[in-house]
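J.: Going by the numbering used here, the first residue of the sequence shown is number 1, and it counts up by one from there.
Beta carbons: idealized from backbone N, C-alpha and C, even for Gly.
I have a structure I would like to understand better, so I am pasting it below and will then ask my questions one at a time.
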Amino acid sequence: MKKRTFSKEEKLKVLEEAKSNGVQATLDKYGVYPATYYSWKKKYETMGEKGFRHGMTPAHLKEIRRLEKENELLKKLLAEKEIEAHLKDDLLKKKYPWASGKS
1 MKKRTFSKEE
11 KLKVLEEAKS
21 NGVQATLDKY
31 GVYPATYYSW
41 KKKYETMGEK
51 GFRHGMTPAH
61 LKEIRRLEKE
71 NELLKKLLAE
81 KEIEAHLKDD
91 LLKKKYPWAS
101 GKS
């Protein structure tokens, strides 16, 4: 017998249907093993829809979040440096208008 794979949407449908129609009835309807259902449920509760990506673990998700925060901080620092440089240029042009190359 061939192993069936479920898409993210199908997994979400099974989880939602199990809430409203009962776990066992839903599992029987879709031919899903209880261990599989509870694995999906745990991944969804801990990681959301991202948990359904192949090989995604809580440790991977934690590292992704850490890197996203670091990336945002670096973007803010870069923006601040660019603003600072722009302000310095403006101040120099005001103090030394002859140095800007304009007549």
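1) For the alpha helix (DSSP H) that contains R53, what are its first and last residues?
2) Can you find a heavy atom of the ligand GDP that lies under 7 Å from the Cβ of L73?
3) Looking only at its chain, what residues have a beta carbon closer than 7 Å to the beta carbon of L61, apart from the 5 residues adjacent to it on each side?
4) Can you tell which of K8, K13, Y44 and E45 has its C-alpha closest to the C-alpha of Y30?
5) What is the residue span of the alpha helix (DSSP H) that K3 lies within?
6) Using 8 Å for Cβ pairs, my map puts A18 next to T26. What's the rounded Cβ distance?
7) Applying the criterion that 16 or more other CB atoms from any shown protein chain within 10 Å of the CB defines a buried residue, is K43 buried or exposed?
T.: So, from the data block:
1) Segment: none, R53 is in no alpha helix (DSSP H) and carries neither H nor E.
2) As far as ligands go, the structure on display features none, and thus does not contain the ligand GDP.
3) M47 and K50
4) K13
5) Taken as a continuous stretch (DSSP letters only), K3 belongs to no alpha helix (DSSP H), as it is neither H nor E.
6) 4 Å
7) buried
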